Structures are given as structure tokens and as C-alpha cells.
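Under our numbering, the first residue of the sequence shown is numbered 3, with each subsequent residue one higher.
Please read the structure below before turning to the comments.
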Amino acid sequence: MYQGKTVEQLRERINLNFTSQGLGNQAAIERAVEYFLKDSLLVHHAQCVAHLHCPSLVISQAAEVLINATNQSMDSWDQSPSATIIEIKLIEWLREQVGYAAGDAGVFTSGGTQSNLMGLMLARDAFFARLGHSIQQDGLTGDLSKIKVFCSESAHFSVQKNMALMGLGYRSVTQVKTDAFSRMDLADLKDKLAQAKANGEQVMAIVATAGTTDAGAIDPLADIAALAAEHQIWMHVDAAWGGALLLSEQYRHFLNGLELADSVTLDFHKQFFQTISCGAFLLKDARHYELMRYQAAYLNSDFDEEAGVPNLVSKSLQTTRRFDALKLWMGLEALGKKQYAEIIDNGVTLARDVAEFVKTQSHLELVMEPQLASVLFRFRPESDDMAFVALLNQRIGDVLLASGSANVGVTEADGITCLKLTLLNPTVCLEDVKVLLTSVKATALSILSA
3 MYQGKTVEQL RERINLNFTS QGLGNQAAIE RAVEYFLKDS LLVHHAQCVA
53 HLHCPSLVIS QAAEVLINAT NQSMDSWDQS PSATIIEIKL IEWLREQVGY
103 AAGDAGVFTS GGTQSNLMGL MLARDAFFAR LGHSIQQDGL TGDLSKIKVF
153 CSESAHFSVQ KNMALMGLGY RSVTQVKTDA FSRMDLADLK DKLAQAKANG
203 EQVMAIVATA GTTDAGAIDP LADIAALAAE HQIWMHVDAA WGGALLLSEQ
253 YRHFLNGLEL ADSVTLDFHK QFFQTISCGA FLLKDARHYE LMRYQAAYLN
303 SDFDEEAGVP NLVSKSLQTT RRFDALKLWM GLEALGKKQY AEIIDNGVTL
353 ARDVAEFVKT QSHLELVMEP QLASVLFRFR PESDDMAFVA LLNQRIGDVL
403 LASGSANVGV TEADGITCLK LTLLNPTVCL EDVKVLLTSV KATALSILSA
């Protein structure tokens, strides 16, 4: 799965060889094989399960060849004529899957962080627009310490990161408590909304999560949407991972309420099995795009707009942009919705089967019941020293990676340091995971006996 080299060994091994005459294509390729491929992680390996890092479909890899060879740029129609129409049609289809009204308000992005930034930026600009102020024209104004965004304690770190990027800082983020399954706690959300009002604070957005990074938790979307509507607050849903359930036959109902969000993040380089990067941002009301509209005569002129020419630069934070939508289009056409549903559902079902197996194993402890395709557990020796137990589990993950045999995640859930299996690989079965868990136990015992 991995050659096991350390950071220091790789720094020593890899060097740049930029000569005045060049090495030639063949030599450059050979060096890439030697210094890149040989020491890369085999993401398709059955024991590579640490992150939301999926094996990619062969059809997605084929699409990458076409994307790179044609080098279309998605900012203006005249640079990407057919690609522009394909992306628009995919956005229309994705909106339909979410439950939005017909339309094409949305755009492909580099992934969840960018999509979340777009949702938060438009939430901010819409908030100030209701106060009669244009962020686009005049910038930030007023007592910014009173502007808040709510998300759960388990929400993606990009909420804080993006609020800092937008000039509102980490302090603008209020974290709502989570329940025993890492889902946003509605009672605490209500309490914090009331407290914010009492403090004279104004909540510009609530960010709900459909698929937290570790637990795969899906917040109670419909209930959060009702509270957001009651308080006239923008609701953004980060469905970067859980959005895959849009195609699920068994678990689609987990996303009930997604259609009520003002904006949605989707990622296709997670459980849609596309190569990195491939994501999308969906906007419920297209009128909000006016808040970020900018015009350049050479890209989206008045003449083009009057003629109905679709220049996608108006919908994106990026200007030059890859045609990543091709990967999803070809993937859906190749597999079909039913086969896609089967491989998505397989991961969720496998996680449940693995959890039941973990419960039967001595010295293995399930930390949280699985919700999507991840399993949180830990090796539990006969010790009440929780600091020691935490360090042991960290060491297990480190030793497995250094050995090159497995890449198991190490994270925290409810203050517990635990191991994480992210079961995105549709070729992996329960027997494969049992082999990995045997390695986990053997590694732990080896560490303890050293």
C-alpha cells in the first residue's frame, strides 16, 4: 500500500533536476515513476481507509485524459462551448436530485471548502443587503463582532477558515453542541439562538452538515431549516460527503430537508468516486447570484448576456476553471443510477457490518454507531489510564503506515482518541476489514510488549 518512507527520507530522496537543455520526455517520465509513483499511496488498496479519499472510477480517469488534452476553460462559452452546456445540464440535474425548483443556479467547484465559502459569502452578502448595504460595493461595515454563524461542534473546519477569509474571524463562529451521534443538538441550537438575540448578536447563517468528516453524522436538516426560516437566517448545508445519498436506494431519506436549504455543498471526489478535484455548489434562489456578479467585457459582456450566451464566470469564485463536470457526466452515463446507488449503499451497509463485528472482538471497542461509511473504534487494553490508551491508538496508526501495510485514520470523537475506517472502496468486503482489524490488534500487542 505504501513503501513506508518517512518525511525525512523523502526529503533526502527527492531532488529537482532542472537542466539547461532538459532531460527529454522519456527521462522525465522515468524520474516521475521513480520518485513519485514508487512512493505514492495506493489509494485503491483495500487497507487504505484513513480518509475521505476514494478510489476513482476508470471512466473518471478516462475523463481526466479528455479534460487535460482539450484544456477547456469554463469561464466563458467561447472557450468551452459544449463543456459549458454539459455543466449547466448537470447542475440542472443535481438541483432536481436535491429537490430544488427547475433552474441552473449552481456551479462546479474544487470541492467542499470552496463550495462552503460560496455559501457563506452569499449568506453574508444577503444579510447585509437586507440592511441596505452592499458588501460588493462598499465592503464590511458596522460592529462586526455582533455577526455570527452557527454550526455544530463536528462541522468541517472550513467554516472557521472561510469566516476568517471573509474578514469576520474565528470569533464569528458559534459552535452548537452535538448529541451522542455527533449530530447538531436542536435544544442547544434553540438556546444559542435565544442567547444571541439577548446579546444583540445577529446570526447571518446556520451551517448544517450532512456527513461529518469522522462520524458521518447528518444533522436534523428539516428541523434546522424550520428554525432558520423562523428567524430569517440563511441555511447552508455542507453535504460534501452525505450528498452521495442523493442516489441511494436505501438511505436517501437521511437527506430529507436538504431541499429547504438556501445553498448546498456537494463533493464528487468522495463517495461519487471521481478523481480529485470535483465538487459543486448549488444555490436555491438564482437572484442571490447578483450579490457576487462582476462583469468583464472580454468574458461576460452585456452583448453576450442580452444574446443569452451562458458565461459561467458569473457563477464562480474562479475565473480560469477546469471542466471537472465531465467526470461526473461520464461516470453517471457509464454506471447508471442503479449501479451508482449499489456502490454507495455498499459502503454504508458495510460500515454497519464492521461495527457489529468490532463488538464481538476482545480489546476492540466501538466508539460510536456508524451512520455513513465510517467506523470509529479503538484498541482498549486493560488499563484505566486514558492518556495511555489515547497514545497507544495514535501509535497503532503511525506504526501501520510506517510498515506500509495499512493507512488507518486516527481522530477524536467525544474527546476519545480513536481509529477510523472510512469504507469508500466498493471492492472491499467484510473479510478484508477483518484482516485489517487483525493487523490492528497484532500491532497493538507488539507495541505493548516492546
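Every residue, glycine too, gets a C-beta built ideally from N, C-alpha and C.
Because the structure is a prediction, the values reported are computed rather than measured.
Run of the beta strand (DSSP E) containing residue i, from where it starts to where it stops
i	result
residue 177	175-178
residue 207	204-211
residue 418	418-424
residue 236	236-241
residue 370	366-370
residue 149	149-154
residue 145	That residue, residue 145, is in no beta strand (DSSP E); it is neither H nor E in DSSP.
residue 193	Where residue 193 is concerned, there is no enclosing beta strand (DSSP E), although the alpha helix (DSSP H) it sits in stretches over 188-200.
residue 376	376-381
residue 411	411-415
residue 282	281-285
Own chain partners of residue i with C-beta closer than 7 Å, once the 5 adjacent residues on each side are dropped
i	result
residue 451	none
residue 114	158, 160, 240, 242, 267, 269, 281
residue 273	56, 243, 246, 346, 349, 375, 426
residue 126	137, 168, 206
residue 92	327, 330, 331
residue 361	368
residue 355	432
residue 295	316
residue 170	146, 149
Cβ distance (whole Å) where residue i is taken to contact residue j below 8 Å
i	j	result
residue 257	residue 247	5 Å
residue 37	residue 16	5 Å
residue 74	residue 81	6 Å
residue 381	residue 446	4 Å
residue 12	residue 41	6 Å
residue 178	residue 165	Contact flag wrong, Cβ pair sits at about 15 Å.
residue 284	residue 100	6 Å
residue 90	residue 106	5 Å
residue 128	residue 290	6 Å
residue 263	residue 233	Not really, about 15 Å apart at Cβ, beyond 8 Å.
residue 229	residue 191	6 Å
residue 377	residue 52	The Cβ separation is near 12 Å, so there is no contact.
residue 265	residue 214	Not really, about 18 Å apart at Cβ, beyond 8 Å.
residue 538	residue 379	Since the first residue shown for the chain is 3 and the last is 452, residue 538 is missing from the structure and cannot be characterised.
residue 124	residue 293	6 Å
Own chain, CB closer than 8 Å to residue i, minus 5 neighbours either side, in chain order
i	result
residue 66	277, 329
residue 434	48, 49
residue 441	49, 402, 407, 408
residue 443	363, 365, 366, 381
residue 8	404
residue 97	103, 104, 105, 106, 107, 108, 284
Proximal residues to residue i (C-beta, below 6 Å), its chain only, five neighbours per side dropped
i	result
residue 302	313, 315, 316
residue 4	43, 406
residue 231	none
residue 326	110, 280
residue 203	148, 150
residue 130	137
residue 333	59, 61, 62
residue 392	419
residue 153	161, 209
residue 227	237, 259, 262
residue 85	74, 325
Near the ligand ZN: residue i beta-carbon under 7 Å from a heavy atom
i	result
residue 134	Inclusion of the ligand ZN in the displayed structure is not the case, the ligand content being empty and no account of it being possible.
Span of the alpha helix (DSSP H), counted from its first residue to its last, around residue i
i	result
residue 359	327-361
residue 161	160-167
residue 305	304-308
residue 294	No alpha helix (DSSP H) holds residue 294; DSSP gives it neither H nor E.
residue 386	From DSSP, residue 386 is part of no alpha helix (DSSP H); its letter is neither H nor E.
residue 181	Counting along the chain, residue 181 falls outside any alpha helix (DSSP H), and DSSP gives it neither H nor E.
residue 451	432-451
Next on the checklist: Across the region 213-220 and the region 364-378, are there enough close Cβ pairs to call them in contact, namely three or more that are closer than 8 Å?
Outcome noted: yes
Item to check | Inter-stretch contact (C-beta, 8 Å, three-pair minimum) for the region 341-350 and the region 111-129 | outcome: no
Next on the checklist: As an exercise, report each continuous alpha helix (DSSP H) stretch of at least 4 residues that is fully enclosed by the region 211-277, in chain order.
Outcome noted: 223-232
Checklist entry - Where are the beta strand (DSSP E) runs, 3 residues long or more, that stay fully inside the region 73-149, in chain order? => result 108-111
Checklist entry - What are the uninterrupted segments assigned as alpha helix (DSSP H) that are 4 or more residues long and contained completely in the region 8-58, given in chain order? => result 9-15, 27-37
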